[in-house]
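Which chain is which? The protein sequence lines are E and W, in order.
Using numbering that gives the first Met the number 0, the first residue of the first sequence is number 0, and each one after it goes up by one.
Using numbering that gives the first Met the number 0, the first residue of the second sequence is number 0, and each one after it goes up by one.
All C-beta atoms, glycine included, are put in the ideal place defined by N, C-alpha and C.
Working notes for the structure below.
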Amino acid sequence: MVDQLPNLGREAEMLSAMGMKSIDELFADIPAEVRMDEPLPLPPPQSEEEIISDARRLLGSNVALGERVSFLGAGLYRNYVPAAVFQLVTRGEFLTAYTPYQPEVSQGMLQAMWEFQTLISELVGLPIANLSLYDGSTAAAEALTCCVRVHNRKATQKDTVYVSELTPPDRLSVMQNYCQGAEIEIKMLRHTDDGRLDLTSVEAASGSCGVYIEQPNPLGILDGGITELKSILGENTALIVAVQPVSLGLVEAPGHYGADIVVGEGQPLGSPITAGGPIYGIFACSKPYLRLMPGRIVGRSIDVDGKVAYCLTLSTREQHIRRHRATSNICTNETLIALMGAMHMSLLGPEGLEALAVRNLAASTLAKEKLREIDGIKIPHADSHHFNEFVIELPGSTDECLSYLDGVGVVGGFNLSAWYPERTNWLLVTCTDQTTVKEIHTLTTELENWVHTLEVSA
Amino acid sequence: MSNLFEHNGAEGQGYSQPKPLLPESSISIPPSLVRKNLPRWPRLSEPEMVRHYTWMSKRNFGIDTGFYPLGSCTMKHNPRVNEVIAQIPGIADIHPHQPEHHLQGLLAIYHEMQYMLEVCSGMDQVTLQPVAGAQGEFTAVRCVQEYFRQRGESQRTKVIVPDSAHGTNPASAAMCGFEIVEIPSKDDGRIDLDALRAVADETIAVMMITNPNTLGLFEEEILEASSIVHNVGGQMYYDGANFNAILGITSPGLMGFDAVHFNLHKTFSQPHGGGGPGSGPIGVKQHLAEFLPGPLAMQRAPEADEMENAIDGKWYSWYQPKHSIGKVQQWHGNAGAVIRCWAYYRRYGRGLKTMSEHAVLNANYLRHAIHKATKEAGVDSMLTDGAEAVVAKHEFTLSLAPAKESHGISAMDVAKGLLDRGYMAPTVYFPLVVPECMMVEPTETESKDTLDTFAKHFAEVLQVDAETLHAAPITTPVRRVDEVYAARNLCLRHPYDDE
């Protein structure tokens, strides 16, 4: 700790300047009844070398996906993040700043976030984006409460929103926590057996405050029918679309087929998966939502000399001004991770984004082709289009299959029984730009071997 | 002066990608979904991109740049080894859905962090899931809400917050569906027990309060406040924004609190990153533990087949509290931030008390130094303490109301004058109960020399005439930014030529 405390050894000098003799005098206002009697039951201080050595030992005992053949995604995607992103984002001027309350000395981050807003706005096809929420789930949850604020007055189904029944339970749970305080009822939208949205169930949602769907959906399916949704719902029901941002290099921007709010996990652009955090949530919307949306926004302005300058704007929506009437309680957000996203996007450029999307889709297409050739394995949504992940149906339990694969160094994918308990033999297989032909071959071979062990035991 | 979208260099891409595994003719998406126009992103080569972001970084102020006494934000130095640790593949490249035997190291660190925060706060169980302080507040209030629902006490519809509270407190409680009851502070900024007694009844669910309070003063009557709230059946919530002042000295548990959130990015040095990420774990007493969001890390003796992967003879697993409110973030919280904060706490271990002592020493010394320097410069009549107190804790407030009255110099003017002298300004106009408030928090990582020099410069600023100060800053990349113009002429994205 010596290396962190520049005034160790100067205490007496500083106290004496204040006319004090001991540190205890600084704490004279803390009553004896609330004093801690014993030292904290914690280990002794460590040096930097000891800490990094312990960190390497402990974190080294985790299985990093890069050490394995991995097809695990289900919401977090391991795309390559260019080296320049890490080099630049750890510049102390970005890393060690806080919220730009003094814009004159915060122009760098303010401009970078205004550029981020533009990059996201262009990506999703909507005019407004904030500078990040915590993750995709909180962005989705905030979108639901936001659409009720905007549409409830005219809604025929008051305080009601509809959400795809495929929404992963952990994400749905976040939505429920955010919605319950405003007494918003979350109803479900059905899907057909081929994994696409049941449009008759969408008709029932007309007149509610909003509808939330994901694209690609949690089964990895790109649903061509969703371009019809806005015309079914009408002007007074918000269409909220959650995106996997990389897919938008090939897939139409939701704002161009009528989405009012677009949210999503920004992570596949710019950020490692990091056990699920810190990552960043995307939130973009059209103009009617602007003054009731959550999160910080940067505006371009001028300084007293008329020079272009950036600052936070529309702050009267926020908690530090509006207090309990704020549109959200969010204060600290995920700016630095959003900055990583902006850096990745600016290196990609439009054609680079398209190429990245093509690589993701090509890898999953190849994997799907190879896996469907295995006797005993079915592709439940074979007639549907997928982006970078798809479901396979196994001839035995997914649990046992994943254990077998783990034993041979393969992380086979995500066990969908965690989301849909009746699907005990569904496996969600994910590819990214990092997936190789060799890895697909390994997965195919090992799945064949596993199917064979079932036949032998039968 | 250019933005990203005005760069017009290489036609190519900032980095080249390998070829796809299949030719483009072999892949397809539904025709109705084919994107017609790609986003109008810039096309930069890597050198152009690197220079653009480096240029912007030079127009930004961080702790690395200079003294950052932003009250309430605990802008302490961020040790660089923490960044190195966060890049280890065993954290950067792991997935929360991996099986437990893949994540023993992560679980061990989570378990250690839960324990460390429990003993520092006097709480029985900690969850690391909330990803920011405000989310911690929301989560804890949600847990209390479920607790009361389960007890059939649905008449508890109100949450008390002092008028000096952070805006997130009332905002978080309102998001849970509670009505907010704001109580005034006394003239010295401390809690008014009579005002508390006047509103305390069986409709109260929670009182939210921070201690030391937002004026940097310890609430000496905190036990009495706790007992007033507990006597009507309410719960006490501790806002951990100011936790840096009290580690190893006192704890929320000792003060009678039932729930607490921690701002790991403040107390334990996760870099603030220009606005985030943070991490906002919460701790609760036993009666609230079953409502916490999971998963929590737990430790046990390994089974025979687990010996090989066990860490120091222990096995770790996740578990879900019995009546969990569910999730507030989809994954396991900001794990990367938790790891950095683990590395930070390990530097101090049982010496965390010394960290808090130095935070308080520095704050009191700076308060003293500013008063001394302004007196020597003959400008001490221009400011007063925000509240009278013999000692402050980790931060203190000043009121520039006298300067405003005598010279027309506002707290904001002084703030801008400090920017010109190479400092980040203290927090201004918060808490609202202090007129022309400046809230100063030096943290323990600033040297005496820095504090002395800052005090001298502070006094210098007060000697500048009002007209000059109204024009400050003049040395910064831009001068005073017109926030009204920004709000009236909304320009929230790059205006493309055809717009």
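The C-alpha of Lys374(W) is placed about 39 Å away from the C-alpha of Arg346(W). At least one CB of chain E lies nearer than 8 Å to the CB of Glu136(W).
Pairing Ile320(E) with Glu202(E), the inter-Cα distance amounts to about 40 Å. For the stretch 314-347 of chain W, residues whose beta-carbon sits nearer than 7 Å to a beta-carbon of chain E comprise Ile324, Gly325, Lys326, Val327, Gln328, Gln329, Trp330, His331, Gly332, Asn333, Ala334, Gly335, Ala336, Ala342, Arg345, Arg346 and Tyr347.
Assignment of Asn176(E) by DSSP, reduced to helix, strand and coil, places it in the helix class. At a beta-carbon threshold of 8 Å, the residues of chain E lying near Val480(W) are Pro102, Glu103, Ser300, Ile301, Asp302, Ala308, Tyr309 and Cys310, ordered along the chain. For Gln179(E) and Thr326(E), the gap between their C-alpha atoms comes out near 15 Å. The DSSP-derived three-state label of Pro161(W) is strand.
Between Gly223(E) and chain W, the shortest Cβ-Cβ separation is below 8 Å.
Straight-line spacing of the CA atoms in Thr191(E) and Ser383(E) works out to 12 Å. In this model, Glu48(E) and Tyr344(W) are separated by some 14 Å (Cα to Cα). Among the CB atoms of chain W, none fall inside 8 Å of the CB of Asp193(E). Annotation: the continuous alpha helix (DSSP H) that includes Trp449(E) extends over Val436 to Ser456. Membership of Gly263(E) in any alpha helix (DSSP H) is not indicated; the residue belongs instead to the beta strand (DSSP E) covering Ile260 to Glu264. In the pairwise beta carbon analysis, the stretch 285-298 of chain E is classified as touching the stretch 308-316 of chain E: at least three pairs are separated by under 8 Å. Taken through DSSP and simplified to helix, strand or coil, Asp374(E) comes out as coil.
Three or more pairs of CB atoms, one per stretch, sit closer than 8 Å, so the stretch 352-372 of chain W contacts the stretch 435-446 of chain W.
Under the 8 Å criterion on CB atoms, Gln103(W) is classed as interfacial with respect to chain E.
Excluding sequence positions up to five before and after Leu247(E), its CB lies within less than 8 Å of the CB of Leu122, Val123, Leu352 and Ala356, all in the same chain and listed in chain order. Taking each of Glu421(E), Glu438(E), Lys377(E) and Met108(E) in turn and checking the Cα distance to Ala362(E), the smallest one comes out for Glu438(E). When the alpha-carbon of Asp398(E) is set against those of Asn387(E), Phe413(E) and Asn235(E), the nearest one is in Phe413(E). Taking a C-beta distance under 8 Å as the contact criterion, Gly348(E) and Pro476(W) do not qualify as a contact pair. Contact of Arg150(W) with chain E is not assigned, every C-beta pair being separated by 8 Å or more. Secondary structure within the stretch 198-279 of chain E: the alpha helix (DSSP H) runs of 4 or more consecutive residues, fully enclosed, are 198-202 and 228-232 (chain order).
No Cβ of chain E is located within less than 8 Å of the beta carbon of Ser153(W). Beta-bridge analysis with DSSP links Lys186(E) to Tyr161(E). Counting along the chain, the unbroken beta strand (DSSP E) around Thr312(E) starts and ends at Val307 to Thr312. Taking 8 Å as the cut-off, the Cβ atoms of Ile190(W) and Glu218(W) count as close. Ranked by Cα distance from Val80(W), the first of Tyr100(E), Arg55(E) and Gly59(E) is Arg55(E). If you check the CB distance, Val231(W) and Asp200(W) come in under 8 Å.
Residue pairing by DSSP places Phe242(W) opposite no residue, since no beta bridge is assigned to it. The C-beta distance from Val410(E) to Arg67(E) rounds to 5 Å, short enough to meet the 8 Å contact threshold.
When C-beta distances to chain W are compared with 8 Å, the residues of the stretch 373-390 of chain E below that value are His384 and Phe386, in chain order. Here Met112(E) is not bridged, per DSSP, to any residue.
When DSSP states are grouped into helix, strand and coil, Phe261(W) belongs to the strand group. In the same chain as Gly335(W), and ignoring 5 residues on each side of it, the C-beta atoms closer than 8 Å to its own belong to Ala85, Ile90, Ala91 and Pro276, in chain order.
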